[in-house]
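Quick note: the sequence shown uses this note's numbering, first residue 1449, plus one each step.
All residues carry an ideal CB built from backbone N, CA and C; glycine is no exception.
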Amino acid sequence: MVPMVDLKKQFHEIRDDILKVLTEVLESTQYILGPKVSELERRIAEYHAVSQAVGVASGTDALHLSLNALGIGKGDEVITTPFTFFATAEAILYTGATPVFVDIEPDTFNIDVRQIESKITKGTKAILPVHLFGLTTDMEEILKIAKKHNLKVIEDCAQSFGAGLNGKKAGSFGDAGCFSFYPSKNLGGYGDGGIIALHDTAVADEIRKLRNHGSKGSYIHERIGFNSRLDEIQAGILLIKLNHIDEYNRKRRQHAAIYNELLSDTVRCPVEKKGTYHVFQQYTIRSPKRDEIQKRLKENGISSVIYYPVPLHLQGALKFLNYKEGDFPVAEKAAREVLSLPIYPELEESVIIKIAEIIKDVV
Ligand SMILES: Cc1ncc(COP(=O)(O)O)c(C=O)c1O
């Protein structure tokens, strides 16, 4: 079966370095929040041209702790997209705030910034855009709206490590850029992990406190926090992978270009808006024949996944938010038509050609 990602191939290419760092960490006996975490924080801050980065236990926690440290809580509203992974809304709800959805653009799958202002109320405290599938949202417009209405901006960069917009990195625009190191992400660990990139030292210090039971250390607790620390083994692995991330992303882009060339007459291919640098965490096509395409790919031993079959406003767990079908027609239509195809740095061109041939044959 052709997988969606091939982590084994990648592991074998960097195996010696990984085993070396694992041994180093194991011998050090410092397994949580040690020198590897500090080095990773320093290098990720540098990579994003921000002054601070704080490692946490997951991408979900990166969002939750950022919202919390930025003062968002009970009674507040946070504007976000209904077409994303569930964790985006969960993190908002963990704080006691309410997610307020705004429909997406049909070509980028990202929040439609032109519709944001109409959803701003007295309760709105933040905008939380998601750079879905590796494509940066129109951050310049979002920052303008946020400035005008005095709102915080938290970027969900779980799928966009290395993505850019007009020479700046995704995650460096707002008050906090939240990344996930889930293994299948562009920069993935060998377990859970996450990091927040940010400019404000005071907010970074607050997040450092929150990740460690509200304490700066020495068993003095200034507030109720969480256990959300990044461990040394993950940080060691991520430091090695960080050396390769730009090359990994370049390869993803090369594969996407081949898919585009072969498929653009057949299905709707991903777009890359002017000034953006897409890192293709997913290569997602649109077609009314989506289900047939998926069935035929499966018969030919090729994986594909529907990200996402049900937009958040129609999820059973969020029924209490009182949204209904028809509220976000663009997201709902996308959910009926999208299909993500295998994409990873080690993918072979011959496989892309085979996948494209199958899709053309169906359509
Ligand atoms: C858009 C988005 N937000 C948040 C998350 C949560 O990240 P994690 O799984 O590391 O908690 C993910 C990934 O899983 C994601 O894709």
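- Collapsing the DSSP output to three states places D1586 in coil.
- S1788 counts as buried, since at least 16 other C-beta atoms from the protein chains shown sit within 10 angstroms of its C-beta.
- Note on geometry: alpha-carbon atoms of F1531 and P1759 lie some 5 Å from one another.
- Distances between the C-beta of A1535 and the heavy atoms of ligand 1 include at least one below 8 Å.
- The alpha carbon of D1555 has as its nearest neighbour, out of K1722, I1540, G1749, I1480, the alpha carbon of K1722.
- Within the model, the alpha-carbon separation for K1808 versus R1738 is close to 12 Å.
- For E1525, the three-state secondary structure derived from DSSP is strand.
- Scanning T1536, K1802, G1582, S1499 for the CA closest to the CA of L1515 turns up T1536.
- Annotation for T1532 indicates a beta carbon within 8 Å of some heavy atom of ligand 1.
- By the criterion of a C-beta distance shorter than 6 Å, F1459 is surrounded by no residue of its chain, once the five residues flanking it on both sides are discounted.
- Taking every protein chain shown into account, the CB of K1657 has 16 or more other CB atoms within 10 angstroms, so this residue is buried.
- Considering only I1466, L1646, Y1479, the residue with the shortest C-alpha distance to R1490 is L1646.
- In the three-state scheme derived from DSSP, where H, G and I count as helix and E and B as strand, N1748 is classed as coil.
- Between ligand 1 and A1783, a heavy atom-to-CB distance of less than 8 Å is absent.
- Look at Y1630: its beta carbon is less than 8 Å from one of the heavy atoms in ligand 1.
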